[in-house]
Amino acid sequence: RSCNAFQLISSMSSGFDLSGLFESE
Amino acid sequence: DFVNIASGTPFTVSEVEALHDLFRKISNTVVKDNLIHKEEFHVALFRNKKKQNLFVDRLFDLFDQKGNGVIEFGEFVRSLSVFHPGAPEEQKAAFAFKLYDLRQTGFIERNELKEMVCALLDESELDITSDAVEMIVDRTFDQADTKGDGRIDQEEWTAFAKDNPYVLRNMTLPYLKDITMVFPSFVVHSEISEADMAAK
Chain F
5 RSCNAFQLIS SMSSGFDLSG LFESE
Chain B
8 DFVNIASGTP FTVSEVEALH DLFRKISNTV VKDNLIHKEE FHVALFRNKK
58 KQNLFVDRLF DLFDQKGNGV IEFGEFVRSL SVFHPGAPEE QKAAFAFKLY
108 DLRQTGFIER NELKEMVCAL LDESELDITS DAVEMIVDRT FDQADTKGDG
158 RIDQEEWTAF AKDNPYVLRN MTLPYLKDIT MVFPSFVVHS EISEADMAAK
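From first to last, the protein sequence lines stand for chains F and B.
Be aware that the first sequence starts at 5, since it is given in my numbering, and climbs by one per residue.
Be aware that the second sequence starts at 8, since it is given in my numbering, and climbs by one per residue.
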């Protein structure tokens with residue numbers, strides 16, 4: 005019901021998962 | 008220089024030092040020049056330079072504040088600071104707006120939002136019909152485009168993000184809160200000597 009596109013993007017896109025930067029071993 | 012870079016960000020000087028260690032590592036994975044190239048940004052995030060991702064490309068462009076094709080250390084720290092849990096919400100909202108304004112027109116347009124949703128669905132396993140995508144985009148515009156002109160301006164976006172804080176969820180990296188604690192390996196390389204560490 006309250007689902008919107010920005011919510012989808014912010015919760016799902018791996019492109020935003022910057023945590024990869026901190027695991028650059 | 009670390010002092011200079013730390014000022015105006017939520018990072019302490021020793022955190023900036025820790026970030027420098029990380030930066031040095033990332034910026035020398037492909038081209039050894041202490042600058043992060045797009046390829047290196049991709050490798051750091053995905054371990055794969057070929058993987059295409061719309062959002063990562065946009066993120067890179069925003070990190071690259073000078074727009075010269077590489078991320079310098081100051082740019083890296085300032086951009087990451089927006090993702091700090093302590094950074095102001097308005098700063099996060101402004102950064103997210105720039106991310107979503109794919110063609111940098113000053114507005115998030117309907118086709119841009121649709122493009123982002125489609126990119127997201129492409130990378131996920133979700134199978135959603137194009138009718139459903141249209142519906143999601145329509146509904147989002149119903150909520151966010153309060154002036155009803157078919158595009159979302161910065162003011163509308165800021166108000167929308169304020170009412171729906173979860174849309175800024177991707178703008179906070181909890182890791183950044185205490186970077187020297189979460190990544191203790193950095194401490195070894197910082198001013199504290201190896202001998203001090205061994206003594207503890």
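Beta carbons are placed, not taken as given, at the ideal position from N, Cα and C, and that holds for glycine.
One Cα belongs to residue 142 of chain B, the other to residue 148 of chain B, and the distance between them is close to 10 Å. For residue 108 of chain B, no alpha helix (DSSP H) run applies, since DSSP gives it neither H nor E. Here residue 129 of chain B is exposed. Its C-beta has fewer than 16 other C-beta atoms within 10 Å. Closest by C-alpha distance to residue 8 of chain F, out of B:187, B:180, B:64, B:171, is B:171.
Taking the C-beta atoms as reference points, residue 25 of chain F is found nearer than 8 Å to residue 52 of chain B. Remark: C-beta atoms of residue 121 of chain B and residue 84 of chain B do not approach each other more closely than 8 Å. Excluding five sequence positions before and after residue 104 of chain B, the CB atoms of its chain that fall closer than 6 Å to its own CB belong to 161, 164, given in chain order. Runs of the alpha helix (DSSP H) lying entirely within the segment 60-128 of chain B, each at least 4 residues long, are 61-70, 80-88, 96-107 in chain order. Residue-level contact by beta carbon fails for residue 165 of chain B and chain F, as no gap is shorter than 8 Å.
With respect to the C-alpha of residue 40 of chain B, the residue from B:77, B:72, B:26 having the closest C-alpha is B:77.
As DSSP reads the structure, residue 27 of chain B sits in no beta bridge.
For residue 176 of chain B, the secondary structure class from DSSP, reduced to helix, strand or coil, is helix. In the structure shown, residue 135 of chain B falls within a coil segment according to DSSP collapsed to helix, strand and coil.
DSSP, reduced to helix, strand and coil, places residue 158 of chain B within a strand of the structure shown.
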